[in-house]
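Here the structure is laid out as structure tokens; the discussion comes afterwards.
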Amino acid sequence: MLVLLPPSESKAGRSRGKALDLPSLSYPDLAGHRRQVLDAVAAVSTREDAHEVLGVSPNLVEEVARNTALTTAPAPPAAEVYTGVLYDALDLGDLTPGQRRRANRWLVVVSALFGAVHPDDRIPPYRLSMAVNLPGIGPLAGHWREALDAELTAAAGAGLVVDCRSSTYVAAWVPSGATAERWVQIRVPGATHMAKHTRGLVARHLLGVDREPRTPRALAAALAPAFDVELHEPTGPGRPWVLDTTAR
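First residue of the sequence shown? That's 35 in this note's numbering, and the numbers climb one at a time after it.
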């Protein structure tokens with residue numbers, strides 16, 4: 035099973051520690067794509083119009099400046115870097131050893147800078163959205179699409195793909211073929227402001243289930259003790275199952 039998560043806009047860093055080691059990251063075949071984005075975002079972040087290109091507030095000077103030192107800055111585990119509503123609900127800092135092992139196998143953060151990482155991958159904090167059209171690269175979702183398809187399709191294997199991403203990050207990988215038949219999007223009806231929180235709770239709950247769900251219906255059953263759920267079948271070929279999920 036893969037549980038796909040979006041990154042957070044806010045990210046925490048450290049003042050000390052080892053720097054980024056690209057070969058050590060999960061999905062090493064993404065290394066070439068990662069280097070291209072690292073070089074391009076470092077270059078654009080030195081420009082006067084960097085905030086416009088990156089789509090961020092002009093007040094975020096320090097966050098944009100981080101992008102110029104991504105290969106030398108301390109790189110904590112991604113579990114510590116990503117913060118905010120979804121990650122507060124997920125609470126990766128408070129897992130049992132068994133839950134931590136599952137988290138490092140099942141949870142995949144789809145990243146504009148690194149493509150895909152697991153919670154134990156060590157990365158520096160950065161400022162970059164998948165919606166950016168990056169000079170020298172182009173639209174980032176398009177840059178990652180083919181490479182992520184190969185890597186994440188293989189990683190999913192015969193398991194479920196539980197999708198907690200926002201639409202911006204769905205654009206970087208849409209499961210296809212047999213993988214699409216096991217693709218389930220988590221939807222939070224009527225509560226957009228609570229969607230991130232609920233998806234974080236869903237990911238957290240799955241780390242503690244007795245048995246890994248293998249079908250969309252088994253996923254709905256696994257979540258039913260803690261959530262109100264309603265499963266909808268795909269509306270056409272290549273479309274996901276949709277699981278409406280409301281925290282009790």
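Glycine included, each C-beta is placed from N, C-alpha and C at the ideal position. Note that the coordinates shown come from a computational prediction; the quantities given were computed from them, not determined experimentally.
The alpha-carbon of Val-208 is positioned some 16 Å away from that of Pro-173. The C-beta distance from Thr-279 to Arg-221 rounds to 7 Å, short enough to fall under 8 Å. Contact holds between the stretch 139-150 and the stretch 38-54, because three or more Cβ pairs, one in each stretch, are under 8 Å apart. Within the stretch 115-200, the complete beta strand (DSSP E) segments of 3 residues or longer fall at 141-145, 149-151, 195-197, listed in chain order.
Annotation: the continuous alpha helix (DSSP H) that includes Val-87 extends over 84-88.
The Cβ atoms of Pro-110 and Gly-47 sit closer than 8 Å to each other. Distance from the CA of Asp-197 to the CA of Ala-65, rounded to the nearest whole angstrom, comes to 24 Å. Nearest to Tyr-116 by C-alpha distance, out of Pro-259, Leu-265, Gly-234, is Gly-234. Around the C-beta of Lys-52, fewer than 16 other C-beta atoms lie within 10 Å, and the residue is accordingly described as exposed. Judged by DSSP in its simplified three-state form, Pro-57 adopts helix. Secondary structure note for Arg-68: it is in no beta strand (DSSP E), and the uninterrupted alpha helix (DSSP H) holding it is 65-78.
Under a 10 Å Cβ-count criterion, Pro-131 is classified as exposed, with fewer than 16 other Cβ atoms of the shown protein chains found around its own Cβ. With a cutoff of 8 Å on beta-carbon distance, Val-195 and Val-218 are scored as near each other. Pairing His-85 with Gly-191, the inter-Cα distance amounts to about 39 Å.
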